[in-house]
Amino acid sequence: MEKPPTGWFGRVAATVMRNARATSAAVLVTALLSAALASLIVVNPNILDLLPEDAPSTQAIKRLNTEENGANPLTIAIQDTTGDPEALDAFMVGLAEDIRQLEDIEYVLYDLDDEMAWRLGVLQLSADELNTIETKLRGALALGPGIHNPLIASRVLALGPLTDKLAQADARAMLAAPRPDVAQLIVRPTGSAYDPNFARPLMADIYQILDAAQAKQPGMEIPWVGGAYRHSYEEVEGIISDLSQTALLSFLLVFTVVSIGFRDVRAVFLIFTPIIIGNILTWGYAGVAVGVLNTFTSFFTAVLIGLGVDFAIHLYARFREEMGQTDDVEQAVIRAWDRTGPPSFTAAVTSAGGFLALWAANFQGFQQLGTLLAGGVLLCLLSVLVVLPLLIRWRNNRGAAIPLRAVSAPASAAAPPGYRLAPLGALAVLALTALAAMQLPKLAFEYDLSALRQAGTAWQQLDALKRDLAQDGYSPVVVSYDSDESLRADFRLIQRALENGELDMVKSALSIYTVLPEDQDDRVQKLQSIAALAQQDNVRYLPTQVQANLKQLSRYTPRVLAPADLPRGVQHILGVADGRHRMMLRPQGNMWDLRDNDQLAAELETHLPGRSIASEYVAQGMLYRLIDVDAARIGGLAMALIFFSTLIDLRSFGRAIGAVTAITVGMAWAGAGMVLFGIKLSLINFVGVPILMGIGIDIIIHLMHRIEEEGPGRVWFALSTTGWAAGLSTLTTIASFGALNIASNQGVQSLGKMIVLGLSVVTVAAFVVVPLGWMLVWRFRQPSSDPAAVAEREADVDDVASAAGRR
Numbered sequence: 000m001e002k003p004p005t006g007w008f009g010r011v012a013a014t015v016m017r018n019a020r021a022t023s024a025a026v027l028v029t030a031l032l033s034a035a036l037a038s039l040i041v042v043n044p045n046i047l048d049l050l051p052e053d054a055p056s057t058q059a060i061k062r063l064n065t066e067e068n069g070a071n072p073l074t075i076a077i078q079d080t081t082g083d084p085e086a087l088d089a090f091m092v093g094l095a096e097d098i099r100q101l102e103d104i105e106y107v108l109y110d111l112d113d114e115m116a117w118r119l120g121v122l123q124l125s126a127d128e129l130n131t132i133e134t135k136l137r138g139a140l141a142l143g144p145g146i147h148n149p150l151i152a153s154r155v156l157a158l159g160p161l162t163d164k165l166a167q168a169d170a171r172a173m174l175a176a177p178r179p180d181v182a183q184l185i186v187r188p189t190g191s192a193y194d195p196n197f198a199r200p201l202m203a204d205i206y207q208i209l210d211a212a213q214a215k216q217p218g219m220e221i222p223w224v225g226g227a228y229r230h231s232y233e234e235v236e237g238i239i240s241d242l243s244q245t246a247l248l249s250f251l252l253v254f255t256v257v258s259i260g261f262r263d264v265r266a267v268f269l270i271f272t273p274i275i276i277g278n279i280l281t282w283g284y285a286g287v288a289v290g291v292l293n294t295f296t297s298f299f300t301a302v303l304i305g306l307g308v309d310f311a312i313h314l315y316a317r318f319r320e321e322m323g324q325t326d327d328v329e330q331a332v333i334r335a336w337d338r339t340g341p342p343s344f345t346a347a348v349t350s351a352g353g354f355l356a357l358w359a360a361n362f363q364g365f366q367q368l369g370t371l372l373a374g375g376v377l378l379c380l381l382s383v384l385v386v387l388p389l390l391i392r393w394r395n396n397r398g399a400a401i402p403l404r405a406v407s408a409p410a411s412a413a414a415p416p417g418y419r420l421a422p423l424g425a426l427a428v429l430a431l432t433a434l435a436a437m438q439l440p441k442l443a444f445e446y447d448l449s450a451l452r453q454a455g456t457a458w459q460q461l462d463a464l465k466r467d468l469a470q471d472g473y474s475p476v477v478v479s480y481d482s483d484e485s486l487r488a489d490f491r492l493i494q495r496a497l498e499n500g501e502l503d504m505v506k507s508a509l510s511i512y513t514v515l516p517e518d519q520d521d522r523v524q525k526l527q528s529i530a531a532l533a534q535q536d537n538v539r540y541l542p543t544q545v546q547a548n549l550k551q552l553s554r555y556t557p558r559v560l561a562p563a564d565l566p567r568g569v570q571h572i573l574g575v576a577d578g579r580h581r582m583m584l585r586p587q588g589n590m591w592d593l594r595d596n597d598q599l600a601a602e603l604e605t606h607l608p609g610r611s612i613a614s615e616y617v618a619q620g621m622l623y624r625l626i627d628v629d630a631a632r633i634g635g636l637a638m639a640l641i642f643f644s645t646l647i648d649l650r651s652f653g654r655a656i657g658a659v660t661a662i663t664v665g666m667a668w669a670g671a672g673m674v675l676f677g678i679k680l681s682l683i684n685f686v687g688v689p690i691l692m693g694i695g696i697d698i699i700i701h702l703m704h705r706i707e708e709e710g711p712g713r714v715w716f717a718l719s720t721t722g723w724a725a726g727l728s729t730l731t732t733i734a735s736f737g738a739l740n741i742a743s744n745q746g747v748q749s750l751g752k753m754i755v756l757g758l759s760v761v762t763v764a765a766f767v768v769v770p771l772g773w774m775l776v777w778r779f780r781q782p783s784s785d786p787a788a789v790a791e792r793e794a795d796v797d798d799v800a801s802a803a804g805r806r
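What follows is the structure in structure tokens.
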């Protein structure tokens with residue numbers, strides 16, 4: 000006679016199996032709908048979109064992006080290995096023209112024409128220098144032929160170097176590369192660097208042009224392509240590649256582990272199908288709940304494969320164990336779901352709670368990952384609870400035998416041991432944990448975001464030339480003004496601060512007054528006066544070199560220049576394009592390091608308080624300040640959610656404390672392991688902390704339930720059954736996260752290393768602390784020796800023994 004389900008999860012399994020067709024149809028429709036919703040997901044590599052929206056720096060960036068798609072240049076550096084400057088110049092001119100032909104290019108700035116270069120260059124001569132030239136020239140001309148008198152010729156010797164400045168004036172220096180054998184282009188695309196639909200095809204076209212140009216002239220090397228467009232392109236390509244490759248390898252590794260663990264290849268189909276469906280449901284959920292993937296969320300599928308398979312392994316392992324007690328597959332499923340469903344549900348809810356702690360972060364990248372993983376782990380559990388019974392029923396109906404795992408019968412528990420060594424074991428764990436805790440302050444944080452990109456692009460991996468070129472390619476800090484007067488005042492202030500060495504993170508300041516000085520009218524008037532003097536007859540008595548220098552003034556008549564006279568590219572880099580009033584600050588140092596970002600933000604806040612400052616580097620400076628706050632908040636909230644979830648499930652304050660103690664010990668050991676192996680925390684792998692806590696508490700809860708269920712004297716039996724399943728599920732999770740080590744993103748790789756190491760340590764801690772904790776309880780509480788209780792335990796032993804014999 001069939002026994003009715005005794006728990007909610009058993010009733011779910013019974014309903015599913017007795018309404019198999021309707022349930023299968025519902026699962027199929029839901030999966031197809033989720034797949035359709037997943038198509039709504041887009042990839043966005045822009046970290047700025049993940050910062051607090053109400054921050055002034057974030058708002059300034061958004062205004063700038065609205066006005067002109069940001070201020071991000073694309074810089075292309077070419078190095079000449081032939082030693083021929085003319086060949087380099089010809090190459091650059093041709094390259095600039097090829098790129099200029101692309102549809103999505105606003106301008107390409109490589110060189111200035113001779114006239115504009117001279118006009119801007121000569122305006123850089125100070126009023127004092129021009130006054131000196133005029134005075135000495137006037138005096139020399141007054142001498143007439145007498146200038147050749149040796150007694151007075153020395154008076155005009157200074158005219159040579161002074162007039163050289165007039166003839167050789169050239170503003171091209173502001174476009175010059177850091178070395179004479181290197182030239183660079185400044186490219187201004189028309190779209191945003193953070194729009195993948197724009198940046199990806201643009202960069203593909205540019206790389207194609209570069210490859211073709213280099214093939215024609217192999218002596219020209221490309222040491223650096225810099226700017227947000229390049230990094231955006233690489234990150235999107237990396238995210239897409241990492242998503243597919245890590246998910247595939249994760250599947251293959253977990254497939255292998257499960258096949259070996261159950262010694263039944265067909266069992267892999269039963270276990271993996273619910274996980275695949277659960278991930279499809281999660282992708283649909285992601286399309287609705289988040290809609291965007293980025294570097295911080297791109298690996299969620301690999302995470303959920305490792306997490307979701309835990310539920311399937313525990314439930315399927317318990318089902319095989321129950322099959323040793325009955326020949327009725329449906330009853331075995333119901334009993335397994337009744338026994339293992341509650342701890343699985345608690346583990347899922349507790350893990351989800353740990354992930355939801357990421358919502359406490361101000362950084363939206365953490366919030367989004369918390370949303371994906373919290374919802375995903377629950378959807379994976381739901382899929383396992385519903386789909387796995389269908390598959391077991393289907394396999395049984397096809398006549399396929401369910402291989403049973405032999406479990407040795409436990410020794411009689413009629414006289415439970417006293418666990419006399421348990422206190423000594425607890426002291427050893429306490430000492431080891433204290434030693435591990437002492438190592439935690441040494442745990443380092445990787446603030447350099449470039450170290451999280453693809454190998455070879457980190458700041459520390461760049462040589463001196465590439466660092467200089469990278470700094471030349473930094474996006475400028477844009478300070479916007481409502482009036483020309485306020486711009487002039489701040490430009491003077493910043494120039495003084497630079498001269499006094501007060502700005503360590505600012506290389507230079509550019510504005511319209513960099514090339515068109517405030518006293519331009521006076522300087523032009525002096526130049527016109529000098530030009531008029533150069534027309535006098537007595538000029539013929541001046542030294543030949545001085546005469547040649549003065550002819551430049553007749554070639555280009557000095558006149559006052561307006562911003563509109565400048566080339567479009569020059570207007571843009573000076574901040575006056577479209578009539579705007581802007582100061583452009585060129586940052587220096589490692590602008591991919593959050594500490595340098597924070598220092599830059601602090602310096603600008605000190606010197607330009609209250610100004611509208613738009614800069615991705617200033618905005619990223621917030622992250623440095625948010626990390627410490629978010630870390631403490633997330634860790635504390637995750638632990639609190641884990642405690643309350645276990646308290647609700649275990650219905651005992653003491654047992655909930657025990658569970659939290661076990662996970663705390665495991666996390667302390669894991670942190671010490673990271674110190675030992677040199678694994679740093681970072682913006683990407685920081686999310687591994689709640690992941691470790693979520694997975695660790697999963698193991699702890701299953702072990703606590705089973706050991707309590709078995710009672711004193713049967714710890715080894717609990718470990719050989721549920722412990723075996725927990726160990727297998729841990730191996731699958733380690734295999735799943737191990738797949739992240741093939742990711743191109745070094746930050747994602749570090750997450751894989753952190754989880755592989757941390758989960759191994761946390762699992763060992765769980766297998767030590769949980770049984771030890773129960774032994775301590777039984778040691779001091781001494782379980783009842785009531786004859787009825789003893790008889791019940793002996794009956795359980797007989798059941799297991801007979802089951803083992805049937806196997």
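Numbering that gives the first Met the number 0 puts the sequence shown at residues 0 to 806. For glycine and all other residues, C-beta sits at the position ideal for the given N, C-alpha and C.
One alpha carbon belongs to residue 575, the other to residue 562, and they sit about 7 Å apart. DSSP, reduced to helix, strand and coil, places residue 591 outside both helices and strands of the structure shown, so it counts as coil.
Look at the region 406-478 and you find these whole runs of alpha helix (DSSP H), each 4 residues long or longer: 421-438 and 463-471.
Remark: C-beta atoms of residue 388 and residue 673 do not approach each other more closely than 8 Å. Residue 537 and residue 210 have their alpha carbons spaced roughly 58 Å apart. Runs of the alpha helix (DSSP H) spanning 4 or more residues and lying entirely within the region 327-383 occur at 328-355, in chain order.
Using a Cβ distance threshold of 8 Å, residue 343 and residue 314 count as a contacting pair. With the rule of 3 Cβ pairs closer than 8 Å, the region 30-45 counts as touching the region 187-204.
With respect to the 8 Å criterion, residue 586 and residue 607 are not classified as neighbours on the basis of their beta carbons. For residue 749 and residue 365, the gap between their C-alpha atoms comes out near 16 Å.
Under the three-state reduction of DSSP output, residue 192 falls in the coil class, being neither helix nor strand.
In the DSSP annotation of this structure, the continuous segment of the alpha helix (DSSP H) that includes residue 551 starts and ends at 543-554.
Counting the other Cβ atoms within 10 Å of the Cβ of residue 696 gives 16 or more, which makes it buried. Exposure of residue 65 is indicated by the presence of fewer than 16 other C-beta atoms within 10 angstroms of its C-beta. Closest by C-alpha distance to residue 618, out of 58, 25 and 488, is 58.
The Cβ atoms of residue 698 and residue 729 sit closer than 8 Å to each other.
Taking the C-beta atoms as reference points, residue 468 is found nearer than 8 Å to residue 225. Looking only at 756, 743 and 539, the smallest Cα-Cα distance to residue 142 is reached by 539.
Cβ contact annotation for residue 692 (same chain, cutoff 7 Å, sequence separation greater than five): 353, 637, 641, 662 and 666, in chain order. The residues 171, in chain order, have a CB closer than 6 Å to that of residue 111 in the same chain once the five nearest residues on each side in sequence are set aside.
By the Cβ test, the region 735-745 is not in contact with the region 374-391, since fewer than three Cβ pairs between them sit closer than 8 Å.
For a cut-off of 8 Å, the C-beta gap from residue 621 to residue 266 is around 49 Å, too long to register as a contact. DSSP places residue 157 in no beta strand (DSSP E); its state is neither H nor E. Apart from the 5 residues on each side of it in sequence, residue 764 sits with its Cβ closer than 6 Å to the Cβ of 664, 665 and 668 in its chain, given in chain order.
Taking every protein chain shown into account, the CB of residue 441 has fewer than 16 other CB atoms within 10 angstroms, so this residue is exposed. Taking residue 202 as the centre and dropping the five residues before and after it, the same chain places the C-beta of 228, 229 and 232 closer than 7 Å to its C-beta, in chain order. Closest in alpha carbon position to residue 653, among 596, 470, 591 and 769, is 769. Here residue 506 carries a strand assignment [DSSP, helix/strand/coil]. Taking the C-beta atoms as reference points, residue 374 is found nearer than 8 Å to residue 288. Judged by beta-carbon spacing, residue 357 lies beyond the 8 Å limit of residue 299, meaning their Cβ atoms are not closer than that value. Per DSSP, the continuous beta strand (DSSP E) segment holding residue 225 begins and ends at 219-225. The three-state secondary structure of residue 524, taken from DSSP, is helix.
For residue 164 and residue 545, the gap between their C-alpha atoms comes out near 11 Å.
Residues 447, 448, 449 and 458 of the same chain have their beta carbon placed closer than 7 Å to that of residue 591, with the five preceding and five following residues left out of the count. In the three-state scheme derived from DSSP, where H, G and I count as helix and E and B as strand, residue 80 is classed as coil. Beta-carbon to beta-carbon, residue 597 and residue 624 are separated by about 7 Å, close enough to satisfy the 8 Å threshold.
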